[in-house]
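J.: Just so we're aligned, residue 489 is where the sequence shown starts under our numbering, counting upward by one. For each residue, glycine too, the CB sits at the ideal point set by N, CA and C. Model, not experiment: these values are computed from the prediction. Structure provided below as structure tokens; questions to follow.
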Amino acid sequence: MHFFHLSDLHIGKQLYGYSLLEDQEWILTEIYELIREKRPDGVLIAGDVYDKSVPAAEAVTVFDRFLTKVSQLEPKIPVLIISGNHDSPERLAFGAKILSRQQIYVAGTCPQIPEDHLKKVTFQDEWGETEVWMLPFVKPGYVRKLMEESKKETDREDGAGEQRDRDGETEIKVKNGWEEIRRDYNEAVKFLLEREQVDTEKRNILISHQFYTAGGETPKTSDSETISVGGLDQVDISCLAPFSYVALGHIHRPQSMGRESIRYCGSMLKYSVSEWEQEKSVTEVILEAPGQEPVIQLHPLHPLREICVIRGRLEEILEANKDSICEDYVSIVLTDEEELYQPKEQLERIFTHILEVRTERNWKLVQEWEDGQAEDTQSDPKLVFEQFFSQIQGRKLQEEEAAVLEEVFAKIREEEG
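Listed below in structure tokens is the structure:
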């Protein structure tokens, strides 16, 4: 089987207030052209299709155009989509039965009643069947009731009596603590996979959108991801043993976990300044005879606008770029020691998409000032501001500035009573 692995499209995302829809449509067009050229057996999209659970109409239109073009290719190329933590499972799965007639398969919600199972699509080639399992983003609460029902059934089969409380209901112990919550994530994913009784004589592929770890090793993350505090949502890859390839979403940096065939393909665009050195790509996978390791190839993507970090003195940056207009998204770090006059306004004449302008000297001073203030939370706010101004600007407030400051704090005191 030959397929493309995508994830974390985040259609509708904004970057420092800039809409990325034009950039996203550009890159989706490049992905479509690659699909048209390579003709994979399937396209797997591992969650976070949209950036928000209620996507804007324009975002839905962009994805609709992409799916429509892919669905019109002949012979048909199936597209398999699961929901991620940014997606609304129900909204993403709207019209799923109708879409399946066009070989667009959407799994929005995970099983929640005993009759439900993971959605599965079977592919056939010269080496036999390959089953692709679709596991949408899971929280323990989504499947807790199903797990309890399964445990009751197991207890009955084992002849174990139910322990009942005063009201005659099954006693359910409430788990407390972060370690228990983390265990719940592990148990939820493991439970959903084990109940499918995956036939390991066949080739099996899983599409999943979780925070997977490998024996305590965590994936390398970026600033654009939503990560749970304390690693509460971690799932160990030990539950993924039955699968020949695991197409993961959730982490924006391309990487493998534990083995090469458990892979985060990464986002299609750079969605934070921290990703500026990453190379985004489409992951192409060829899975041949059962038992063979998959062949993985990365196809670099070429964005409409790059994310760049520029560091240097203001005058040097302006001089080096005076004969051009830069439309890339830029984060600029100024190394000047002296105070600058309207640096952003000067830079905007050359750089049309400035994400941020930071003065390295001021940034360091702010960090030092914050460290110094951490233990002194009882200071007079006016005095704190005066100290902050003096440290950043290298001078005291002038008489007129001090008068304005006093007026501001007088109004605050009046409003607070």
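1) Would you check if the distance between the CB atom of Ile565 and the CB atom of Val531 is smaller than 8 Å?
2) What residue does the beta strand (DSSP E) around Thr840 start on, and which one ends it?
3) Do Pro599 and Glu637 have their C-beta atoms within less than 8 Å of each other?
4) Do the region 787-800 and the region 808-820 touch if we need at least three Cβ pairs shorter than 8 Å?
5) Residues in its own chain within less than 6 Å of Gly746 by CB, not counting five upstream and five downstream?
6) Exposed or buried, what is Asp604 when buried is set at 16 or more other beta-carbons lying within 10 Å of its beta-carbon?
7) Are at least three pairs of beta-carbons, each pair with one atom in the region 676-694 and one in the region 737-746, less than 8 Å apart?
8) Mapping DSSP to helix, strand and coil, what is Thr549?
9) Would you say Leu728 and Leu606 are within 8 Å of each other, going by their C-beta atoms?
10) With three or more C-beta pairs closer than 8 Å as the rule, is the region 747-754 touching the region 767-782?
11) So, are the CB atoms of Leu623 and Ser712 less than 8 Å apart?
12) Suppose contacts are defined by Cβ-Cβ distances below 8 Å. Is Asn573 in contact with Thr714 by that definition?
13) Whole alpha helix (DSSP H) runs in the region 543-622 with 4 or more residues, listed along the chain?
14) What's the call for Glu815, buried or exposed, on a 16-neighbour Cβ count within 10 Å?
15) Taking the beta strand (DSSP E) that Gln722 falls in, what are its first and last residues?
16) Comparing alpha-carbon positions, which option in Ala890, Val558, Tyr538, Ser710 lies nearest Glu763?
17) Thinking C-beta only, is Ile523 closer than 8 Å to Leu789?
18) At which residues does the alpha helix (DSSP H) containing Tyr520 begin and terminate?
19) In chain order, what residues of the same chain have a beta carbon less than 7 Å from the beta carbon of Pro577, not counting five sequence neighbours either side?
20) Please return the same chain residues whose Cβ sits closer than 7 Å to the Cβ of Gln842, not counting the five positions on each side in sequence.
21) What distance in whole Å lies between the Cβ atoms of Lys768 and Ser760, which are believed to be in contact at a cut-off of 8 Å?
22) Figure out for me which residue from Ala544, Met635, Thr517, Ala547 has the closest Cα to the Cα of Val558.
23) Specify the secondary structure class of Phe491 as computed by DSSP and reduced to three states.
24) Taking the alpha carbon of Pro497 as the point to measure from, which residue in Lys758, Gln612, Tyr829 has its own alpha carbon closest?
25) DSSP three-state label for Ala676, please.
26) Going by C-alpha distance, which of Thr556, Ser541, Gln612 is nearest Arg579?
27) Sorted by chain position, which residues of the same chain lie with C-beta nearer than 8 Å to Ala581's C-beta, five sequence neighbours on each side aside?
28) Tell me the DSSP secondary structure of Tyr759 in three-state form.
29) Is Leu508 closer than 8 Å to Lys501 when the C-beta atoms are compared?
30) Out of Lys608, Leu871, Tyr538, point me to the one whose CA is closest to Glu684's CA.
31) Helix, strand or coil: which one does DSSP assign to Asp814?
32) Can you tell me where the beta strand (DSSP E) with Gln685 in it begins and where it stops?
33) Taking all protein chains shown into account, do 16 or more other C-beta atoms lie within 10 angstroms of the C-beta of Tyr504, making it buried, or fewer, making it exposed?
34) Tell me the rounded alpha-carbon separation between Ile838 and Arg632.
35) Please classify Val626: does DSSP put it in a helix, a strand, or coil?
T.: Well, looking at it:
1) Taking 8 Å as the cut-off, the Cβ atoms of Ile565 and Val531 count as close.
2) Thr840 -> beta strand (DSSP E) spans 839-847.
3) Contact: no.
4) Yes, they touch.
5) Excluding residues within five positions, the ones whose Cβ falls inside 6 Å are Ala702, Ile725.
6) With fewer than 16 other CB atoms across the displayed protein chains lying within 10 angstroms of its CB, Asp604 is exposed.
7) With a cut-off of 8 Å on Cβ pairs, the region 676-694 is not in contact with the region 737-746, counting fewer than three such pairs.
8) Reduced to three states, the DSSP call for Thr549 is helix.
9) For the 8 Å CB-CB criterion, Leu728 and Leu606 do not form a contact.
10) Because the criterion of three Cβ pairs below 8 Å is met, the region 767-782 and the region 747-754 touch.
11) Contact flag unset, no.
12) The Cβ atoms of Asn573 and Thr714 lie closer than 8 Å to each other.
13) Here the runs fully enclosed are 545-559, 577-580, 584-588.
14) Per the 10 Å Cβ criterion, exposed.
15) First-last of the beta strand (DSSP E) with Gln722: 722-724.
16) It is Ser710.
17) Taking 8 Å as the Cβ cut-off, Leu789 and Ile523 do not qualify as a contacting pair.
18) Boundaries of the alpha helix (DSSP H) harbouring Tyr520: 509-526, taken from the DSSP string.
19) Within the same chain, and ignoring the five residues on either side of Pro577 in sequence, the residues whose Cβ sits closer than 7 Å to its Cβ are Ser571, Gly596, Thr597, Pro624.
20) Reading off the sequence shown, one finds Ile at residue 842, where the question assumed Gln. Apart from sequence neighbours up to five positions away, the residues of its chain that approach Ile842 with a beta-carbon distance below 7 Å are Val818, Ile820, Lys832, Leu835, Glu836, ordered along the chain.
21) For a cut-off of 8 Å, the C-beta gap from Ser760 to Lys768 is around 12 Å, too long to register as a contact.
22) With distances taken between Cα atoms, Val558 lies closest to Thr517.
23) Reduced to three states, the DSSP call for Phe491 is strand.
24) First, the residue type needs correcting, since residue 497 is Leu and not Pro in the sequence shown. The shortest Cα separation from Leu497 among Lys758, Gln612, Tyr829 belongs to Lys758.
25) Note: Ala676 maps to helix in three-state DSSP.
26) Checking every option, the nearest Cα to that of Arg579 belongs to Ser541.
27) Contacts found: Ser571, Val594, Ala595, Gly596, Thr597.
28) When secondary structure is reduced to three states using DSSP, Tyr759 falls in the coil class, being assigned neither helix nor strand.
29) Yes, the Cβ-Cβ distance between Lys501 and Leu508 is below 8 Å.
30) The residue with the shortest Cα to Cα distance from Glu684 is Lys608.
31) The sequence as given places Cys at residue 814; Asp does not occur at that position. Strand at Cys814.
32) Looking at the DSSP string, Gln685 is not in any beta strand (DSSP E), and its letter there is neither H nor E.
33) By the 10 Å Cβ count, Tyr504 comes out exposed.
34) Taking the straight line joining both Cα atoms gives about 55 Å.
35) DSSP, read as helix, strand or coil, puts Val626 in coil.
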